[in-house]
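Chains as they are written, first to last, in the working numbering: chain A, 1 to 201; chain B, 1 to 110.
1) Taking 9 Å as the CB-CB cut-off, is residue 48 of chain B touching chain A?
2) Can you pull out the residues from the stretch 83 to 100 of chain B whose beta carbon lies closer than 8 Å to at least one beta carbon of chain A?
3) Report the rounded CA-to-CA distance for residue 106 of chain A versus residue 83 of chain B, giving the unit in angstroms.
4) Apart from the five residues just before and just after residue 95 of chain A, which ones in its own chain have a Cβ nearer than 7 Å to its Cβ?
5) Sorted by chain position, which residues of the same chain lie with C-beta nearer than 6 Å to residue 202 of chain A's C-beta, five sequence neighbours on each side aside?
6) What does a CB cutoff of less than 8 Å around residue 94 of chain B pick up in its chain, not counting 5 residues either side in sequence?
7) Please compile the residues from chain B whose C-beta is within a distance smaller than 8 Å of the C-beta of residue 195 of chain A.
8) Considering only heavy atoms of the ligand GDP, does any lie closer than 8 Å to the CB of residue 130 of chain A?
9) DSSP on residue 20 of chain A, reduced to helix/strand/coil?
10) Taking C-alpha atoms, which residue in A:124, A:111, A:71 and A:201 lies nearest to residue 144 of chain A?
11) Counting pairs of beta carbons, one from the stretch 114 to 133 of chain A and one from the stretch 163 to 171 of chain A, are three or more of them closer than 8 Å?
12) Using a cut-off of 9 Å between C-beta atoms, extract the partners of residue 174 of chain A located in chain B.
13) Between residue 41 of chain B and residue 52 of chain B, how many whole angstroms is the CB-CB distance? I'm expecting something under 8 Å.
14) Report the neighbours of residue 30 of chain A on chain B: residues whose CB is nearer than 8 Å to its CB, in chain order.
15) Can you grab the Cα-Cα spacing for the pair residue 67 of chain A / residue 19 of chain A, in whole Å?
16) Near residue 80 of chain B, which residues of its chain fall below 6 Å by C-beta distance, leaving aside the five closest residues on each side in sequence?
17) Report all residues from its chain with a CB closer than 8 Å to the CB of residue 43 of chain A; omit the five preceding and five following residues, and keep chain order.
18) Taking the alpha helix (DSSP H) that residue 116 of chain A belongs to, which residues open and close that run?
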């Protein structure tokens with residue numbers, strides 16, 4: 001695949017280290033996001049086993065089949081995202097447009113699943129944010145991840161809007177790549193959350 | 001910039017071939033299968049006793065590496081980017097690992 005960040009028109013303007021500065025900035029930002037999510041995951045791990053608070057605890061009410069499907073949806077959105085990037089590098093504007101929309105739709109399905117899950121936990125099981133520290137930590141962690149997904153969906157729909165107007169040119173190649181990096185990062189964070197928070201007992 | 005440095009940067013710019021769309025789909029199938037195994041382990045993991053948690057962590061790590069390496073193209077990326085991204089990950093793992101160990105997160109049970 002052609003590396004769009006290193007297309008000739010970008011090279012002279014934004015490189016001094018052999019890699020486009022904006023792309024390097026995105027890698028640095030994503031690296032720092034590990035610290036952010038690391039704090040939230042650690043917070044959950046510390047509180048999930050604390051005794052002496054009213055239930056239910058998150059681990060008692062997880063709907064694993066439902067969350068597994070949500071995880072699968074988010075995982076597949078990484079495939080559609082990388083296909084959008086691939087289409088962009090082949091100058092296939094229609095393909096890019098289609099895959100960007102597919103990614104945004106899959107992200108929206110994941111978000112819908114999260115809203116449904118939160119609603120079920122609160123209304124059916126009575127686990128509110130203040131019920132116990134584990135519930136608090138769970139909502140903060142998954143809520144912040146959901147916020148990241150929502151921001152990703154907005155960025156994807158913005159790119160799709162540009163593509164729909166027919167204005168998606170080669171100079172937007174790096175933008176597609178950067179949004180792709182962000183989207184895949186959101187996916188890898190969910191890979192960790194799904195295993196550490198939901199599956200490990 | 002010396003000639004050697006310039007040559008090194010030029011050499012780095014010749015990217016190795018990235019995966020094709022079909023290869024991306026194959027990678028997605030692998031990720032889906034790994035997720036399926038994870039969920040299966042959740043239900044039948046008691047058979048493996050104390051190995052359930054390490055096995056789940058290994059599967060998650062595999063999925064993590066596949067997405068970062070192939071979908072994010074980090075394995076094809078410049079070493080500078082690898083260092084920026086990798087440093088954040090290692091620091092987070094190290095710091096929070098120490099915090100969790102120090103606070104006994106792995107010893108608590110409800």
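For glycine and all other residues, C-beta sits at the position ideal for the given N, C-alpha and C.
According to the data block:
1) Your numbering for residue 48 of chain B matches position 48 in the second chain. Cβ-Cβ to chain A under 9 Å: no for residue 48 of chain B.
2) 84, 85, 86, 87, 88, 89, 91, 92, 93, 95, 96, 99 and 100
3) As a working mapping, residue 106 of chain A is identified with position 106 in the first chain. As a working mapping, residue 83 of chain B is identified with position 83 in the second chain. Rounded to the nearest angstrom, the two C-alpha atoms are 31 Å apart.
4) Counted from its first residue, the first chain places residue 95 of chain A at position 95. Cβ within range, chain order: 87.
5) Residue 202 of chain A cannot be examined here, being either before or after the span of chain A that is shown, 1 to 201.
6) Locating residue 94 of chain B in the second chain gives position 94, counting from the first residue. Closer than 8 Å at the Cβ level, and outside the excluded window around residue 94 of chain B, lies no residue.
7) Along the first chain, one-based indexing puts residue 195 of chain A at 195. By Cβ distance, chain B contributes 38, 56, 57, 59 and 60.
8) With respect to the ligand GDP, the structure shown offers nothing to examine, as it has no ligands at all.
9) For the purposes of this step, residue 20 of chain A is taken as the residue at position 20 of the first chain. If DSSP states are grouped into helix, strand and coil, residue 20 of chain A belongs with the strands.
10) Against the first chain, residue 144 of chain A aligns to sequence position 144. Per the Cα distances, A:111.
11) no
12) Mapped onto the first chain, residue 174 of chain A falls at position 174. What residue 174 of chain A touches in chain B: nothing, since even the nearest Cβ is about 13 Å away.
13) As a first step, residue 41 of chain B must be located in the second chain, where it is residue number 41. As a first step, residue 52 of chain B must be located in the second chain, where it is residue number 52. The pair is a contact, with the Cβ atoms about 6 Å apart (cut-off 8 Å).
14) In the first chain, residue 30 of chain A corresponds to position 30, counting from 1. Within 8 Å Cβ-Cβ: 85 and 88.
15) By one-based count along the first chain, residue 67 of chain A stands at place 67. By one-based count along the first chain, residue 19 of chain A stands at place 19. Their Cα atoms are separated by approximately 38 Å.
16) Within the second chain, residue 80 of chain B is the residue found at index 80, counting from 1. Cβ neighbours of residue 80 of chain B beyond the five flanking positions: none.
17) The sequence position of residue 43 of chain A within the first chain is 43, counting from 1. Answer for residue 43 of chain A: 137, 140 and 141, listed in chain order.
18) Residue numbering aside, residue 116 of chain A sits at position 116 when the first chain is read from its first letter. Segment 93 to 119, the alpha helix (DSSP H) holding residue 116 of chain A.
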